[in-house]
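Anchor point for the sequence shown: position 24 equals 24 in the UniProt record's numbering, and the numbering is continuous, going up by one each time.
All residues carry an ideal CB built from backbone N, CA and C; glycine is no exception.
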Amino acid sequence: EFWPALEQPTLQKSKLDWDFVVGNAPEGKTAIGTYGGWNLAIFEASQHKEAAWKLIQFLTREDVNGDVVELVPANMKAAQSFLAANRKGADLIIPHLENASPRPLSPRYLEVADIEVTLAQDVFSGMDPQQAADKACTAIDALN
Numbered sequence: 001e002f003w004p005a006l007e008q009p010t011l012q013k014s015k016l017d018w019d020f021v022v023g024n025a026p027e028g029k030t031a032i033g034t035y036g037g038w039n040l041a042i043f044e045a046s047q048h049k050e051a052a053w054k055l056i057q058f059l060t061r062e063d064v065n066g067d068v069v070e071l072v073p074a075n076m077k078a079a080q081s082f083l084a085a086n087r088k089g090a091d092l093i094i095p096h097l098e099n100a101s102p103r104p105l106s107p108r109y110l111e112v113a114d115i116e117v118t119l120a121q122d123v124f125s126g127m128d129p130q131q132a133a134d135k136a137c138t139a140i141d142a143l144n
């Protein structure tokens, strides 16, 4: 996944001026982000569910969340503070969060994500974008 708002710390270390802060939706369409953070979970077999839940509640608090993450927080108020302090173009990134939706629940999600990475690499390597997209669609269709 290549979302400039997430990659800014890496891009800022580059000698190139990448001159973009966020991906955009096609003209007339609404930009949609995804909720991040798959790293907080409570397992059914946990012997410490209550303590785990208290930790999750603490880490996701508006006044704490932005201080304990490197990526954009899912908590909107924490995200606004985090973006203002840590990212260029916060005003362009916020609409992606306002329209965010969960990642698709699919056992093939990671496979599709790998195909998307290959698509981006193909385009960045000079392949015609339509050919790269067609190749990616063929690979995704083959997963069924």
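Could you check the C-alpha separation between ILE42 and MET127 for me, to the nearest Å?
43 Å
Once DSSP output is grouped into helix, strand and coil, what is the label at PHE2?
Confidence in PHE2 is poor, its pLDDT being 47 and thus under 50, which makes the residue's placement unreliable; the coordinate value appears in the next sentence. Of the three classes helix, strand and coil, the one that applies to PHE2 here is coil, per DSSP.
Candidates GLN121, GLN131, ALA113, ALA85, of which the one nearest ILE140 by Cα:
ALA113
Counted within 10 angstroms of its Cβ, other Cβ atoms place ARG103 as buried (16 or more) or exposed:
exposed
Could you give the DSSP three-state label for SER81: helix, strand or coil?
helix
Quick check: the Cα distance between SER106 and ASN144, rounded to an integer number of angstroms?
12 Å
Note down, in chain order, each residue of its chain lying with its Cβ closer than 6 Å to the Cβ of ILE115, except the 5 sequence neighbours on either side.
ALA136, ALA139, ILE140
Which stretch, first to last residue, makes up the alpha helix (DSSP H) that contains HIS96?
90 to 98
Please return the same chain residues whose Cβ sits closer than 8 Å to the Cβ of THR34, not counting the five positions on each side in sequence.
ALA100, SER101, PRO102, ARG103
Nearest neighbour of LEU92, chosen from ALA133, ASN24, ALA45 [CA to CA]
ASN24
According to DSSP, is THR60 helix, strand or coil?
coil
Check whether the region 42 to 56 touches the region 75 to 88, taking contact to mean three or more Cβ pairs, one atom from each stretch, closer than 8 Å.
no
Give me, in chain order, the residues of the same chain whose beta-carbon lies closer than 7 Å to that of residue 184; leave out the 5 immediate sequence neighbours on both sides.
Missing from the structure shown is residue 184; the chain here goes from 1 to 144 and no further.
State the DSSP-derived secondary structure class of THR118, mapped to helix, strand or coil.
helix
Start and end residues, alpha helix (DSSP H) containing ASP134:
129 to 141
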